[in-house]
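What follows is a set of notes on a single structure, which appears directly below.
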Amino acid sequence: MDRYDPAAIEPKWQEVWARERAFSVPNPEHPSHRDEGNTYVLEMLPYPSGELHMGHVRNYMLGEVITHFRRRHGFNVLRPMGFDSFGLPAENAAIQEGAHPREATERNIARIRAQMERLGWAIDWDRMLATHEPEYYRWTQWLFLRFFERGLAYRKEVAVKWCPNDQTVLANEQVIDGRCERCGAEVEARKLEQWLFRTTAYADVLLDDMALLESWPERVLTMQRNWIGRSEGADLLFRIPDLDVDVEVFTTRPDTVFGATFFVLAPEHPLIERLVSGTPYEAEVLDYVRHAAARSAVERETKTKDGVATGRFAVNPATGADIPIWVADYVLMEYGTGAIMGVPAHDERDYEFAKRYDLPIVKVVEPAEGGSDDEGPFVAHTPNERCVNSGEFSGLPSPEAKRAIVQSLEGKRLGRPSVGYRLRDWLLSRQRYWGCPIPIVHCEQCGFVPVPDGELPVLLPEVEDYLPKGRSPLATAEEWVRTTCPSCGGEGRRETDTMDTFVDSSWYFLRYADPHNDNAPFDRAIVDYWLPVNQYIGGIEHAILHLLYARFFTKVMQEAGLLGFREPFARLFTQGMVHYRGAKMSKSRGNVVDPDEYVARYGADAVRLYLLFLGPVDQDAEWQDNGFEGMVRFLHRLWRVALEQAERPPGGDAPSTALARKAHETIAKVTDDVGRRFVLNTPIAAVMELLNEIARAPDDPAARFAVETAVSLIQPYAPHVAEELWQRLGHERLWVQSWPEADPALLERETFELVIQVNGKVRDRVEVAADASDEELVARATESPKVRAQLDGKEIRQTIVVPRKLVNLVVA
RNA sequence: GCCGAAGUGGCGGAACUGGCAGACGCGCCGGACUCAAAAUCCGGUGGCCUUCGGGCCGUGUGGGUUCGAUUCCCACCUUCGGCACCA
1 MDRYDPAAIE
11 PKWQEVWARE
21 RAFSVPNPEH
31 PSHRDEGNTY
41 VLEMLPYPSG
51 ELHMGHVRNY
61 MLGEVITHFR
71 RRHGFNVLRP
81 MGFDSFGLPA
91 ENAAIQEGAH
101 PREATERNIA
111 RIRAQMERLG
121 WAIDWDRMLA
131 THEPEYYRWT
141 QWLFLRFFER
151 GLAYRKEVAV
161 KWCPNDQTVL
171 ANEQVIDGRC
181 ERCGAEVEAR
191 KLEQWLFRTT
201 AYADVLLDDM
211 ALLESWPERV
221 LTMQRNWIGR
231 SEGADLLFRI
241 PDLDVDVEVF
251 TTRPDTVFGA
261 TFFVLAPEHP
271 LIERLVSGTP
281 YEAEVLDYVR
291 HAAARSAVER
301 ETKTKDGVAT
311 GRFAVNPATG
321 ADIPIWVADY
331 VLMEYGTGAI
341 MGVPAHDERD
351 YEFAKRYDLP
361 IVKVVEPAEG
371 GSDDEGPFVA
381 HTPNERCVNS
391 GEFSGLPSPE
401 AKRAIVQSLE
411 GKRLGRPSVG
421 YRLRDWLLSR
431 QRYWGCPIPI
441 VHCEQCGFVP
451 VPDGELPVLL
461 PEVEDYLPKG
471 RSPLATAEEW
481 VRTTCPSCGG
491 EGRRETDTMD
501 TFVDSSWYFL
511 RYADPHNDNA
521 PFDRAIVDYW
531 LPVNQYIGGI
541 EHAILHLLYA
551 RFFTKVMQEA
561 GLLGFREPFA
571 RLFTQGMVHY
581 RGAKMSKSRG
591 NVVDPDEYVA
601 RYGADAVRLY
611 LLFLGPVDQD
621 AEWQDNGFEG
631 MVRFLHRLWR
641 VALEQAERPP
651 GGDAPSTALA
661 RKAHETIAKV
671 TDDVGRRFVL
681 NTPIAAVMEL
691 LNEIARAPDD
701 PAARFAVETA
711 VSLIQPYAPH
721 VAEELWQRLG
731 HERLWVQSWP
741 EADPALLERE
751 TFELVIQVNG
761 KVRDRVEVAA
771 DASDEELVAR
781 ATESPKVRAQ
791 LDGKEIRQTI
801 VVPRKLVNLV
811 VA
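In this note's numbering, the protein residues as written are 1 to 812.
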């Protein structure tokens with residue numbers, strides 16, 4: 001009997017799979033309707049910014065097991081792979097290496113693909129794509145133009161978050177606690193003309209369509225809901241008689257408008273200059289505005305509230321009273337209208353402000369059970385509250401008052417119901433080299449003109465210096481920039497910003513369905529055949545950014561008639577990260593565990609097994625070398641025990657011994673765990689348990705059958721050793737075999753172990769016939785000597801019988 | 001502050017609808033093989049007590065429901081994650 005040698009058997013089988021294109025899945029010739037027998041398993045595509053570490057390997061192992069499992073259940077499984085090769089991660093990695101982004105990226109792609117192949121993954125490489133290839137980004141540009149046509153991509157001067165380190169603007173979603181998501185530098189505020197996607201137009205749909213999702217983690221849904229941040233309220237108009245203008249404010253508490261005793265504008269509010277121009281307040285107010293602009297986001301949030309009076313007044317639309325207008329930076333220009341009504345009695349921030357500047361505080365809402373005379377604002381909001389000091393609305397419960405007040409103001413054209421969102425439009429332009437060029441020409445006469453579809457792709461130009469420098473490096477490619485206007489034929493200049501890499505990854509899952517299409521991004525019939533993705537797998541870090549953007553893209557494409565569904569990912573699974581030495585595994589921390597070393601020394605199968613055996617796949621887990629050795633031992637043991645059985649004559653029908661039953665129970669457990677519950681670690685333990693039993697009873701007539709079961713079940717995890725052993729056990733190829741089915745007859749036991757409890761505590765266990773009646777079970781229980789000792793002449797008050805399980809005798 | 005998830009041996013963790021707590025692995029202990037060690041194989045392994053039959057305690061803490069609770073309910077503690085000057 002030879003020794004288990006992964007270095008010999010793994011490359012052997014990988015060659016066979018490659019030669020046979022074992023994991024390629026061709027598209028159907030006539031994908032006219034969605035076939036129930038197909039499945040699309042997808043993991044989030046990697047950034048080719050370096051090599052894979054164990055964290056990545058764990059992620060792809062989930063898709064790996066699901067893919068093998070469903071294949072062997074007879075599904076036609078699409079499981080593609082590609083690379084998110086444009087964008088900051090790849091570009092920064094290239095700059096660090098001192099290489100051109102294209103060279104570095106393509107080298108990394110080749111490396112990662114080699115790693116993946118060495119791990120033996122069941123990937124359809126015929127569908128591989130990389131987002132930096134012109135064949136791909138041509139269609140990214142094409143899609144951008146469809147968004148542009150629909151008014152969903154637009155240009156606007158906006159206050160942006162600027163990362164001084166990466167020298168580019170960031171989307172709101174890429175700013176965490178005032179810092180750049182990628183490099184951690186504190187972001188600065190700038191005003192720039194930028195390209196945006198109108199994601200806010202889809203805020204409600206993005207919320208409502210969550211109902212269409214089959215299975216997403218509640219955590220991710222909550223994060224998206226928080227991010228969209230929908231709140232219902234009203235827009236109210238406050239007149240400024242001096243300027244003869246009405247200023248709109250958004251409030252969620254229109255029931256408190258009678259208590260609005262002052263009015264506050266954000267320092268960035270466009271009205272301020274007009275408001276104070278030529279007044280004695282001008283100098284002080286403009287000084288405050290300047291200071292506020294210089295404050296960092298963090299400072300603005302943490303300091304005590306301050307502001308300046310403008311000397312002007314606004315009219316409270318409910319009371320008709322003049323209330324003073326202030327400027328204060330606790331009011332944010334980005335949310336609502338950049339102006340608020342100050343209701344100090346019922347808002348903590350307004351209260352703090354009013355206290356500091358001695359503004360009047362008028363209580364207009366009271367809890368139902370008598371007014372509290374406590375200091376401070378009363379901010380609770382329940383149906384029990386009633387309005388006071390609110391004119392004709394006094395005495396109304398506050399939810400009713402809300403409606404009534406808005407309705408009344410609407411009649412006077414001073415207000416209307418409204419909804420506020422936290423979600424901002426998606427800022428997509430980046431001042432960096434390594435990205436998809438935006439297919440727009442600037443023309444003095446015609447404005448922003450789309451590049452005609454036939455001229456796509458707008459190729460990324462070669463430039464001498466692609467380092468970030470505050471404006472797009474593309475601007476230095478003068479010959480490329482200078483072009484003719486597609487509309488009037490006059491002089492035009494190309495847009496020099498590139499797209500955020502999240503644009504590239506917002507539709508890649510569609511391209512996989514039809515990756516070589518030269519006439520369109522994809523064929524609708526084929527996309528409708530494969531999608532929505534049945535099982536999407538990725539990290540929780542994409543809970544908002546990528547997953548929200550991809551949903552947005554899908555909705556727009558569905559409305560444009562490009563595809564026939566509204567949600568791209570039916571089921572989502574977020575896997576946990578791999579930690580090492582107590583920290584998240586990452587290159588910057590220098591604590592990555594390199595899969596290649598382990599694969600070279602112990603084989604891919606051991607690595608694959610251990611990554612799933614580590615713990616629950618939706619939770620973080622710690623890599624431990626000595627735990628890994630357990631998997632190496634398991635494979636050796638499997639090898640030895642299986643070959644021992646291979647020397648025995650083939651089994652034929654499995655006899656119904658305890659070992660045969662154990663094998664069938666293992667099949668049932670594995671099928672249930674993987675198929676129904678998406679639990680991928682316990683099946684390994686179940687197979688280990690079975691193997692232990694075989695090793696204890698190698699002469700059992702069912703031992704050979706049990707070994708074949710174990711080999712077959714472990715195949716998705718350790719396909720190389722499984723294939724090899726399967727062949728040595730005298731069978732045809734395993735990967736085309738269907739999943740074994742548990743024999744119901746063998747799962748049905750003739751006897752079972754009766755648990756006997758006294759007052760809920762286990763006292764004894766006896767073997768009982770499966771068809772024993774309740775009376776017989778009680779009789780068996782009471783005749784047990786151990787139970788008798790416990791009863792000790794006491795009276796049995798109650799007898800609980802759970803058929804085929806237990807008897808519980810209740811005594812005094 | 002609001003929302004969400006989780007607390008089980010020395011460690012990672014199992015227990016799917018309330019019914020044998022600790023599967024499986026690591027580590028540790030003992031044995032076999034060996035001149036010896038490593039590797040490998042076999043056995044043991046929650047704690048305390050034991051006359052070796054067994055007994056008692058035990059799933060973050062305190063209550064509750066139940067014949068019976070790791071599982072359900074209430075309160076609290078701890079940890080992790082998300083959101084937060086959002087009007």
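Positions of the beta carbon are idealized from the N, C-alpha and C atoms, including for glycine.
Residue from the options with nearest C-alpha to residue i
{"i": "A130", "options": "S49, W121, A153, Q174", "result": "S49"}
{"i": "W623", "options": "K587, R581, D497", "result": "R581"}
{"i": "F634", "options": "I240, D620, D618, A710", "result": "A710"}
{"i": "R219", "options": "E708, E273, Q619", "result": "Q619"}
{"i": "R150", "options": "C163, E91, P450", "result": "P450"}
{"i": "A122", "options": "M61, L547, E647, P28", "result": "M61"}
{"i": "G603", "options": "R3, I9, S418", "result": "I9"}
{"i": "V365", "options": "D347, K355, E352, F353", "result": "D347"}
{"i": "T304", "options": "V315, A292, A314, A769", "result": "A292"}
{"i": "M631", "options": "D699, G590, I714", "result": "I714"}
{"i": "N59", "options": "V617, N681, R765, L791", "result": "V617"}
{"i": "R3", "options": "L638, F378, L423, V801", "result": "L638"}
{"i": "P452", "options": "D465, D306, T484", "result": "T484"}
{"i": "A104", "options": "V249, S85, Y357", "result": "S85"}
{"i": "Q141", "options": "V169, F752, E455, G278", "result": "E455"}
{"i": "A702", "options": "F522, K662, T782, V687", "result": "K662"}
{"i": "V289", "options": "L271, A7, G278", "result": "L271"}
Unbroken alpha helix (DSSP H) run spanning residue i, endpoints
{"i": "A686", "result": "682–696"}
{"i": "N108", "result": "101–118"}
{"i": "Y47", "result": "No alpha helix (DSSP H) contains Y47, which DSSP labels as neither H nor E."}
{"i": "T483", "result": "First-last for T483: 482–484, but that is the beta strand (DSSP E), not the alpha helix (DSSP H)."}
{"i": "E775", "result": "774–782"}
{"i": "V463", "result": "Unbroken run through V463: none, as it is neither H nor E."}
{"i": "L286", "result": "282–294"}
{"i": "L145", "result": "134–149"}
{"i": "Y60", "result": "54–72"}
{"i": "E830", "result": "The requested residue 830 is not part of the displayed model; the chain covers only 1 to 812."}
{"i": "T251", "result": "Unbroken run through T251 is the beta strand (DSSP E), 245–251; no alpha helix (DSSP H)."}
{"i": "V16", "result": "6–20"}
Host beta strand (DSSP E) of residue i (start-end)
{"i": "W195", "result": "188–197"}
{"i": "R788", "result": "Note, R788: premise wrong, no beta strand (DSSP E); alpha helix (DSSP H) at 785–791."}
{"i": "E491", "result": "491–494"}
{"i": "E157", "result": "153–163"}
{"i": "E819", "result": "The question about residue 819 has no answer here: the residues shown for the chain are numbered 1 through 812."}
{"i": "L78", "result": "76–78"}
{"i": "M341", "result": "339–342"}
{"i": "G808", "result": "Note on identity: in this sequence residue 808 is Asn, with Gly being the wrong assignment. Start and end: 806–811."}
{"i": "V768", "result": "761–769"}
Beta-ladder partner(s) of residue i, from DSSP
{"i": "L359", "result": "Paired residues: none, contrary to the question."}
{"i": "H579", "result": "K584, E622"}
{"i": "R309", "result": "A quick correction: the sequence has Ala, not Arg, at residue 309. Looking at the DSSP assignment, A309 forms a beta bridge with W326."}
{"i": "R430", "result": "T498"}
{"i": "S215", "result": "R571"}
{"i": "Y536", "result": "L42, L572"}
{"i": "L754", "result": "V766"}
CB-CB length for residue i against residue j, believed under 8 Å
{"i": "G63", "j": "I537", "result": "5 Å"}
{"i": "E214", "j": "R551", "result": "Wrong, their Cβ atoms sit about 14 Å apart, outside the cutoff."}
{"i": "V331", "j": "A266", "result": "4 Å"}
{"i": "I323", "j": "T310", "result": "I323 to T310, Cβ: 12 Å. No contact."}
Heavy atom of the ligand HEM within 7 Å of residue i beta-carbon
{"i": "R403", "result": "This structure lacks the ligand HEM, and indeed carries no ligand of any kind."}
Check: Could you give the uninterrupted runs of the alpha helix (DSSP H) lying entirely in the region 599–671, keeping only those of 4 residues or more?
Finding: 604–613, 625–646, 658–671
Note to self: Suppose only complete runs of 4+ residues qualify. What are the alpha helix (DSSP H) ranges in the region 375–416, listed by chain order?
What the structure shows: 398–411
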